[in-house]
Amino acid sequence: MTELRFADVTVRYGRTTAVDGVSLLVPSGEIVGLVGESGSGKSTLARAAVGLAPLGGGRITMDGEPVPLRGRHRPLQMVFQDPYSSLDPRRTVGDSVAEAMPPGGSRAERRVEVQRLLELVHLDPARADAVPSRLSGGQRQRVALARALAARPRAVIADEITSALDVSVQGAVLNLVRELRRELGLSILFISHNLAVVRYVASRVVVLRGGRVVEQGPTAEVLTEPRHDYTRELLAAVPGRGARRSRT
Amino acid sequence: MPPASTRRWSRVARTPLALVAIALLVVVAALAVLGPVLWGADAEAVDTGNILAGPSARHWAGTDNLGRDIAARVLVASRLSVVLALLAVAIAVVVGLLLGTAPFLLGRGRAGRLVTAAVNIAVAFPGMLLALFFAVVFGVGATGAVMAIGLAGAPGFARLVQTLVSGVAARDFVAAARVAGVGRGRILVRHVLPNIAEPLVVNATIGAGTALLSFAGLSFLGLGVQSPSFDWGRLLYDGASALYLNPAAALVPGAAVLLAGLAFNLVGESVAKGLGVEGLGIEGLGVPVGSGRWVLPGRTAAPGPAHAAADAPDPADDVVLGVRDLAVSFRGPSGPVRPVRGVSFDVHRGESVGIVGESGCGKSLTALAVTRLLDDDARLEASRLHLLGTDLRAPQATADRRKLGTELAVVFQDPMTSLNPARRIGAQLAEVATHHQGMTRREAAARAVDRLDAVRIPDPGERARQYPHEFSGGMRQRAMIGMGLMGTPALIVADEPTTALDVTVQRQVLDLLSAVRDSDAVALLLISHDVAVVGEVCDRVLVMYAGRIVEDLPAAELATARHPYTRALVDAVPDMDTDLDEPLATIPGRPVDPADVPAGCAYAARCPLADARCRAQDPALVSDPHAPARRVACWHAGEPLPAERAVDLLVESP
Amino acid sequence: MTATVNAPPPPTDRRREPSPWLRFGARRVGRLLVSLFVLVTASFAMIHLIPGDPVRGALGPTAPAELVAARRQALGLDDPLLTQYLRYLEGLFTGDLGTSLSSQLPVSGIVAQRLPATLELAVLAFLAAVAVAIPLGVAMGVLTRRGHGRRTELAFTTGSIVVATVPDFLIGVGLVSVFGVGLGWLPGAGNDTPAAYVLPVIALAVGPAAILARIVRVEMVAVLEADYVRTARAKRLPARTVYLGHALPNAVTAALTLGGLLLGSMVAGTVLVENVFAWPGLGSTIVQSILTKDYPVVQAIVLVYGLGVLLANTAVDVALALLDPRSTIRED
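Right, dumping it as C-alpha cells:
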C-alpha cells in the first residue's frame with residue numbers, strides 16, 4: 000500500500016518550463032488519470048518521476064520517502080507509449096522481463112518468475128522465448144506491463160499505453176490495467192489524452208495545461224461538473240458527444 | 000523458420016555484385032597471405048642490365064630502377080598494404096568507439112557534451128588534412144602513417160557511433176532498462192551495442208577500403224612507407240616518377256590499390272544494402288520485419304475490368320464517386336499481395352461517407368486508389384472507377400487533370416509532413432489557381448489569402464507568407480483544407496485528418512469540415528480508425544475488414560450493426576457512457592495479414608459466431624431485405640453473440 | 000499504424016523570440032570562433048608535439064650544436080610555451096607566419112604566392128562536380144523512384160561506388176598516362192595554359208561528383224515518397240512542376256548538408272592532385288616541406304587549409320539557411 004505524491008514539481012529544459020509547480024497525489028491502490036494535450040507536460044512529469052527528466056524543483060515521494068533513482072531497487076515503474084520502441088528487438092521477451100527483476104535467485108527461479116508474470120498479463124508463458132517482432136502491438140504492451148511488474152513496484156506510471164494500439168486491443172489492455180489494480184493493489188498514474196479512457200479506468204482525474212494543474216478531483220465529479228473552462232473545452236471536444244453534425 | 004537475421008544475411012549473399020565483391024576480397028586476402036611467400040625472391044631479384052624496362056615477356060609490367068620485376072613486387076606488396084590498412088582502421092574503430100560511446104556513458108553532464116563538441120569540430124576537417132597533421136607529428140614512415148590514418152579516421156567513426164548510439168538510446172527500451180535500475184555500462188553492452196553492430200561492421204569494412212586508399216595516397220606523396228620496404232603506394236610513387244618511360248610501372252600498382260579498395264568498399268556497400276543499413280543511417284534498427292510486400296516494383300495501373308462489369312447498375316446522376324470491384328495489389332515475395340480485394344460503393348452529391356477499420360484493413364489504400372494517388376508499385380484494378388464524371392482508370396488528359404485539381408480536395412493524416420517545408424504556405428495554395436484556373440500570380444495569391452481566411456486562419460495575409468514550420472499542427476491541417484477550397488470542390492477525401500491532432504484541435508478541424516460541407520453540397524469521404532468520429536461526422540459508414548467492405552450502414556444505426564466485427568468495434572471503444580462495472584469488449588487474435596488471407600470469411604478466426612460454413616465460404620456483401628440502405632457480408636448477420644465468450648476474450652490468442 | 004498519437008510536443012514557447020536568424024547567426028559565428036581557436040591552437044601545438052628537437056631533426060644529426068642553438072633561439076623555441084603561443088597569435092594578426100627553415104624566406108610570402116593556384120583548382124573542381132552531380136542525381140532519382148528502374152539503380156549505384164572509390168591521385172596518374180603521355184592531347188603538368196587546367200580539375204572533381212550524385216539520387220527518391228509530394232500530386236500539377244518545383248529544392252537542401260563536407264575534403268584533396276600534376280600550389284609545397292622538415296611552412300599551410308575548410312563549411316551552412324528556413328531553427 001503506497002501513495003505516490005508530487006509536491007510542487009517543476010521541470011525545465013533550457014529556457015522552457017515544461018512542468019510548472021505541479022502537485023498531485025496518487026492515493027494508495029487507486030488509479031489517477033492525468034489528462035492534457037500534447038505539450039501540456041504530462042509525459043515530462045512522468046519521466047521526471049522515474050529519473051528520465053531532470054527535476055528542477057519540488058519533491059516526488061512514495062509514502063513520504065523520495066523515489067529512489069539509483070541502485071537496483073526501483074519501486075516506481077513506468078510503461079511507455081510505443082510498444083514497438085519499448086522492447087529491445089534483439090532480446091527475447093523473457094530476457095526483457097527478467098532484466099527488470101531484482102537481482103538474486105537461481106536461473107530456474109527467475110524463469111519461473113518470468114512465466115508467472117506473463118500469465119499475470121494473460122500471455123502464454125511459452126512466449127518467453129519469442130522475440131518482440133513475433134508479437135502484436137497488444138501483446139507487446141502486455142510484455143511491457145509484465146516487465147514493469149517484474150521490478151516488484153509499489154506504484155506504476157502508464158504513459159499513453161493504449162494510444163499506439165488498435166481499438167480492438169485497447170480494450171484488452173484497459174481491462175488488464177483495472178484488473179492489476181484490483182488484484183495487486185497497485186497505485187497507478189494513468190496518463191492519457193482520451194477522456195473516455197480515463198473515465199473508464201481512473202477514480203480521480205488531474206487536468207494539466209501548459210505545465211500547470213488546472214483542475215483535479217474525483218473522476219465522476221470533474222467529468223460531470225467541470226469547473227475550469229479548459230476542462231469544459233476538453234469534454235466538449237470528445238467525439239460522439241453533442242449534436243451529430245451530418246446535414247439533414 | 001530461420002531467425003530473421005539469417006534470412007537477411009542470406010539475402011545479402013545472393014546479389015551478383017556482392018558475390019563478385021566477396022570473391023575479390025578473398026583474392027586480396029589470399030594474396031596478402033601468400034604473395035611474399037610465392038614471389039618474394041622475384042621481387043627482390045636485382046637485374047642491373049635491365050632497368051626501367053617496359054613490359055616484356057619476362058617482365059610483363061616492366062622493371063624498376065634496379066631492374067626488379069614490377070609485377071612480382073606488386074603481388075608481394077599486397078601483404079604490407081593490407082596489414083597497414085587494417086591496423087589503421089583498427090585504430091580508427093577503437094578510438095571512434097571510445098569517443099562515440101563516451102557521451103552515452105558520461106550522461107548529459109559537461110564531460111559528455113565536451114566529447115561531443117570535440118568530435119563535431121574534428122569531423123569538420125577532412126581526413127586528408129588530419130592525416131597530414133598527424134604525419135608531421137608522428138614523423139614520416141610506416142608507423143607514423145598508420146597512426147596518422149587511424150587517428151584521421153577516428154572522428155568520422157566516433158560521429159557515426161555517436162549518431163547510432165543516440166538513435167538507440169532514444170528508444171524506450173533503453174529508458175525502460177534505466178527505470179529498472181540497469182547501469183549505463185550494462186545497458187551499453189546488452190542493449191545498445193548489439194543494436195548498432197551491423198552498421199558498425201559495415202562501416203568498418205568500408206573504412207578498411209578507405210584506409211587502404213589513403214595509405215596509398217600518403218605513400219604516393221613519399222610520406223608513408225619508406226625504402227627498402229614497399230607497399231602499393233610506394234610502388235606507385237616510384238612508378239609515377241618514371242611515367243614517361245614505362246606507364247605500366249605506375250598503372251599496375253594503381254590497379255592493385257584500386258581493386259583491393261573496391262573489394263572492401265563493395266563488400267561493405269552490398270552488405271549495407273542487403274541489411275537495409277544506409278552508409279550513415281540507422282534504418283534496419285529493430286524495425287519489425289514486415290511481410291516484405293514492398294520489395295518488388297509493380298507496374299502502374301493497367302486499366303481494364305478484372306471482373307465482369309455487366310451487372311454493375313448504371314449509377315444515378317448524382318454520384319460523385321462510383322467504385323466497383325476495386326482491388327489494389329502489390330508484388331510480394333511469394334505472389335501478389337492484395338490489401339484491397341473487391342470494394343464497391345458510391346458517394347452521392349453532398350453525402351458524407353466514412354470508412355472505418357483497424358490498421359491494415361485497406362481503408363487508406365482505398366482512399367489513395369479512388370483519388371489515383373497510389374504509389375507506382377501498386378497495381379489497381381476496377382470494373383468501374385468514376386470520379387466526377389472522369390474515368391480514373393484511363394490516363395488523364397489535361398482537361399481531366401484540371402477538373403480533378405479544382406473539384407477534388409484531398410486531406411492527409413499528417414499535417415506536419417503534407418505541406419512542402421521549403422515553400423511558403425500562400426504559394427502552395429496559389430499554384431492550384433495558376434495551374435488550373437488560369438489566374439495570374441497576383442490573383443492566385445489574393446485567392447490564397449482569401450481561402451486561408453475562409454478556413455479561419457487569423458491574419459491570413461501575414462500567414463500566407465510563412466513557412467509550414469511556423470504553423471501549428473491544427474493550422475496546417477486547416478491550410479490543407481484551404482488548399483482544397485482553392486477550386487470549387489465537389490468531393491473532399493480526408494484520410495485520418497485528425498489522428499495526429501489533439502482532441503480540442505480535432506474538434507476544430509471536424510467543425511471546419513462540417514462548415515465547408517454545409518455551405519455547399521460538398522461530398523465527404525472520411526477515412527478513420529475512430530468509430531466515434533465517423534459516427535459523428537458521417538451520414539453513412541463503410542466498415543472494412545481485410546480489404547473488403549463487411550458492412551455498409553447509416554451512421555445513426557451503428558448501435559444496431561449486424562456484422563459481429565462492427566459490433567465488436569463499436570463495443571470495444573469506451574465512450575462517456577460506458578458501463579464502468581463491465582469489462583470492455585475485446586476482439587481476440589490479430590488482423591489478417593494481406594499476404595495470407597484465409598479461405599472463407601476473413602473474420603472467421605476472430606468471430607464468436609463462426610462455423611464451418613464461415614471458414615469455407617466468403618459471404619458476399621448483400622442488401623438487407625428489410626432495410627435496403629444497409630448492406631452486410633455475414634452468414635450470421637444480426638445473430639446474438641454468445642455471452643460466455645466474453646471472459647475468454649481477455650486472453651489474446653496468438 | 001494509424002492509431003498513433005505520437006505528435007512531438009509543439010513549439011512549447013509561443014512567445015515572440017528574438018529572430019531565428021539572429022540566433023542562427025550568433026550560434027554559427029560562435030561555432031566558427033571555437034573551431035578557429037582549436038585550429039590555431041592545433042597548428043601551434045603541432046611543432047611541439049613532434050618528439051625530439053624539431054630543429055635538430057630539420058638540420059640533421061651532423062649540424063653543429065651552435066647552429067641548432069642559434070636556430071632555436073631565432074625561432075623562440077626556448078621561451079616559455081605561453082609566450083610562444085601569444086607571439087604566434089600576434090604574428091597571425093599581423094600577417095607574420097614566421098620564416099622558412101630551408102629558404103629563409105617569409106612564410107607569408109610563400110603562402111601568398113602559392114595559394115591562388117590551389118584556390119583556382121579547388122573552386123573549379125567543386126563547380127564542375129556540382130554542375131555534373133545535381134542534374135545527374137535528380138535524373139537518376141526520378142528514373143529510379145519507387146517501383147521504377149531497378150536495373151538502372153543497380154547500374155548507377157555500382158558505377159558511382161566504383162568511381163567514388165578511385166582516389167583522385169590515381170585518376171590523375173591515369174589521365175596523365177593516357178591524355179598526356181599516350182595521346183599527347185593535353186598537358187600533364189603545370190598551370191601555364193588554360194588547357195593545363197582540364198586534367199587536374201577532372202581528377203579532383205570525379206570522385207566528389209560521384210558521391211554527390213549518389214546522395215542527390217537517394218535524397219530525390221526519399222523526397223519523391225514524401226507526403227508533400229503526394230500533396231502536390233493531389234493538386235494534379237504537371238509532373239515537371241512536381242519534380243522541379245516541389246521535390247528538387249528539398250532534395251538539394253538535404254544533399255547540400257552532406258555535400259558541404261565534400262567541399263572541405265576537396266580543399267584538402269588538392270594536395271595529392273597537385274603532386275601528380277606538379278601544380279604550383281600549396282599542396283606540392285607542403286609535401287616538400289614535410290619531407291625537408293621545414294616546420295614553419297607546414298604549420299602555416301595546415302592553418303590555411305583548415306581555414307579554407309572552415310570557411311567552406313560556413314558558406315554551405317549559410318547557403319542552406321537561405322534555401323531552407325527550417326535549418327535556422329535546427330539545433331545542432
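Protein chains in written order, with numbering that gives the first Met the number 0: chain S, 0 to 247; chain R, 0 to 653; chain D, 0 to 331.
Ideal placement from N, C-alpha and C gives every residue a C-beta, glycine not left out.
Check                                                                                                                                : Outcome
Limits of the unbroken beta strand (DSSP E) element including R/Arg-340                                                              : 334 to 347
Contact set between the stretch 187 to 221 of chain S and chain R, restricted to residues whose Cβ is under 8 Å from the partner     : His-192, Asn-193, Leu-194, Ala-195, Val-196, Arg-198, Tyr-199
Any C-beta of chain S under 8 Å from that of R/Gln-505                                                                               : yes
Chain-ordered neighbours of S/Gly-70 on chain R, where CB pairs are closer than 7 Å                                                  : Gly-180
Within-8 Å CB hit, D/Ser-101 to chain R                                                                                              : no
Closest residue to R/Gly-206 among R/Phe-133, R/Ala-153, R/Leu-372 (Cα-Cα distance)                                                  : R/Ala-153
Beta carbon of D/Ser-42 nearer than 8 Å to that of D/Gln-298                                                                         : yes
Per-residue contacts from R/Glu-268 into chain A (C-beta, under 9 Å)                                                                 : Within the model displayed, chain A is absent; protein chains S, R and D are what it includes.
Given S/Ser-135 as reference, the closest of S/Arg-231, S/Ala-171, S/Asp-158, S/Gln-215 once Cα atoms are compared                   : S/Ala-171
Pair within 8 Å by beta-carbon distance, R/Val-511 and R/Val-454                                                                     : Reading off the sequence shown, one finds Leu at residue 511 of chain R, where the question assumed Val. Contact flag set, yes.
S/Pro-74 vs S/Met-61 beta-carbon contact at 8 Å                                                                                      : yes
Chain S contact for R/Glu-282 (CB, 8 Å cutoff)                                                                                       : Interpretation of R/Glu-282 is limited by its pLDDT of 26, a score under 50 that renders its predicted location unreliable; no figure is taken from the coordinates.
CB contact check: R/Glu-357 to chain S, cutoff 8 Å                                                                                   : yes
Euclidean distance between Cα positions of R/Gly-238 and D/Val-275                                                                   : 12 Å
CB of D/Asn-249 within 8 Å of CB of R/Ala-421, strictly                                                                              : yes
Own chain residues within Cβ distance below 6 Å of D/Arg-216, not counting five before or after                                      : Gly-136, Met-139, Gly-140
Touching by the beta-carbon criterion (3+ pairs, under 8 Å), the stretch 406 to 422 of chain R and the stretch 471 to 482 of chain R : yes
Burial state of D/Gly-173, where buried means 16 or more other Cβ atoms lie within 10 Å                                              : buried
Residues near S/Asp-81 by beta carbon distance below 7 Å, same chain, minus five either side                                         : Ala-163
Below-8 Å beta-carbon distance, S/Glu-182 vs any chain R residue                                                                     : no
Check whether S/Arg-139 and S/Pro-131 have beta carbons under 8 Å apart                                                              : yes
Interface flag, R/Pro-582 vs chain S, CB-CB below 8 Å                                                                                : yes
Amino acids of chain R, ordered along the chain, whose beta-carbon sits closer than 8 Å to that of S/Ser-37                          : Asp-501
Any C-beta of chain R under 8 Å from that of D/Phe-178                                                                               : no
Distance between R/Ala-42 and R/His-58 (C-alpha atoms, nearest Å)                                                                    : 11 Å
Whole-angstrom C-beta distance between R/Pro-618 and R/Pro-641, which should lie under 8 Å                                           : Not really, about 19 Å apart at Cβ, beyond 8 Å.
Cα-Cα separation, R/Leu-490 to S/Pro-88                                                                                              : 43 Å
Cβ-based neighbour list, S/Glu-232, same chain, cut-off 6 Å, excluding 5 preceding and 5 following                                   : none
Whole-Å CB distance - S/Asp-7 paired with S/Gly-28, under 8 Å assumed                                                                : At roughly 24 Å, the Cβ-Cβ gap does not stay under 8 Å, so S/Asp-7 and S/Gly-28 are not in contact.
Within chain R, the residues that S/Met-77 reaches when beta carbons sit closer than 7 Å                                             : Val-178
Three-state secondary structure (DSSP) of S/Tyr-12                                                                                   : strand
Buried versus exposed call for R/Ala-435 [16 or more other C-beta atoms within 10 Å across all chains shown]                         : Before going further, note that residue 435 of chain R is His rather than Ala in the sequence given. Buried, since its Cβ has 16 or more Cβ neighbours within 10 Å.
Through-space distance from R/Gly-349 to R/Gly-534, alpha-carbon basis                                                               : 17 Å
Backbone CA spacing between R/Pro-1 and R/Ala-393 [nearest angstrom]                                                                 : Note that R/Pro-1 scores 49 on pLDDT, short of 50, meaning its location in the model is unreliable and no value can be drawn from it.
The stretch 222 to 231 of chain D contacting the stretch 239 to 249 of chain D, beta-carbon criterion three pairs below 8 Å          : yes
R/Asp-230 beta carbon less than 8 Å from that of R/Phe-219                                                                           : no
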